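Participant:
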Amino acid sequence: MAGAKRGRATLATHPMAVPSRPDMIAARLRQALADGEITEGEQLVEPDLVASFGASRPTVREALQRLVQEGLVTAIPHRGVFVTTFSPEDLADIYDARRAIETSAALRLAETQDPAVLASLREQHRAMTAAVTADDPAELTAADMRFHEMLVACLRNQRLERTSRTLLVETRMCLARLEGHYSMPQEAVDEHADIVGAIESADIAAVIKAVGDHMTNAAELLDRLHARRAS
């Protein structure tokens, strides 16, 4: 019993762990992937990353392994690490997974009607609208991702948030293809207003439809772009 008590005391007084160096490097690379600074198929050269981050090779390798585990990059033996290229089937899987998680989050929010979360979602929708007006695709994408991050956060489930984070990075990697190829999708912006409106109405059927329609339309848009680029 004495040992158990010491264990509890140690856990209670131990400070929260700060992010490790590999975690921080992985986070920076993840953001670069999301922002389109590193593109699909591009090789991540280990010596370049070591020099860029001022880190050791083992640290960089550990960071890259995190991204490999998330599926954002692929390690090819005797060749190196490359940014994952997503197929039409991958896109469908990404949006199916997002549909499941975000429908659950939207239904939870429809039940709780958390005013702070709803206000934040409205704020991001306004930011998206402003980005369309300013013809700013980068800000549109950023506000879009913030909207969905805030929605999933209302689940208060760290595992689902981690999964959703990876899915959103993958989404942004795909959306980077749109910039410069398509006009600003006002319809997609309107769909976010529909999602918030359905949540505020606490109409379960409307919530499921609004989230589902948004995911379906986004996936179809990216699929059409993929087909156009391949032709």
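Anchor point for the sequence shown: position 121 equals 139 in our numbering, and the numbering is continuous, going up by one each time.
No residue lacks a Cβ here, since even glycine has one placed at the ideal position from N, Cα and C.
Every value quoted in this text rests on a predicted model; they were computed, and no experiment measured them.
For Q131, name the three-state secondary structure that DSSP assigns.
Facilitator: DSSP places Q131 in coil when its eight states are reduced to three.
Participant: Could you check if A52 is buried or exposed, using at least 16 other CB atoms within 10 Å of its CB as the buried criterion?
Facilitator: Label assigned to A52: buried.
Participant: Thinking C-beta only, is L173 closer than 7 Å to A123?
Facilitator: A contact, by the Cβ cut-off of 7 Å.
Participant: Look at A211 and H143 and say whether their C-beta atoms are less than 7 Å apart.
Facilitator: yes
Participant: If we ignore side chains and look at the alpha-carbon of each, how far apart do E129 and D154 end up?
Facilitator: E129 and D154: Cα-Cα distance of roughly 34 Å.
Participant: What do you get for D162, buried or exposed, if any count of 16 or more other CB atoms within 10 angstroms of its CB means buried?
Facilitator: buried
Participant: Quick one: Cα of R75 to Cα of A194, how far?
Facilitator: 29 Å
Participant: Measure the C-alpha to C-alpha separation of Q204 and M146 and round it to an integer number of angstroms.
Facilitator: 9 Å
Participant: Applying the 10 Å Cβ sphere with the 16-neighbour rule, what's the burial state of E55?
Facilitator: exposed
Participant: Check each candidate in Y113, V135, T121 and name the one with the smallest Cα separation from L185.
Facilitator: Y113
Participant: In angstroms, rounded to a whole number, what distance separates the CA positions of L158 and E64?
Facilitator: 32 Å
Participant: How is G215 classed by DSSP in three states: helix, strand or coil?
Facilitator: helix
Participant: Specify, as a first and last residue, the run of the beta strand (DSSP E) that V63 falls within.
Facilitator: Careful: V63 lies outside any beta strand (DSSP E) and carries neither H nor E.
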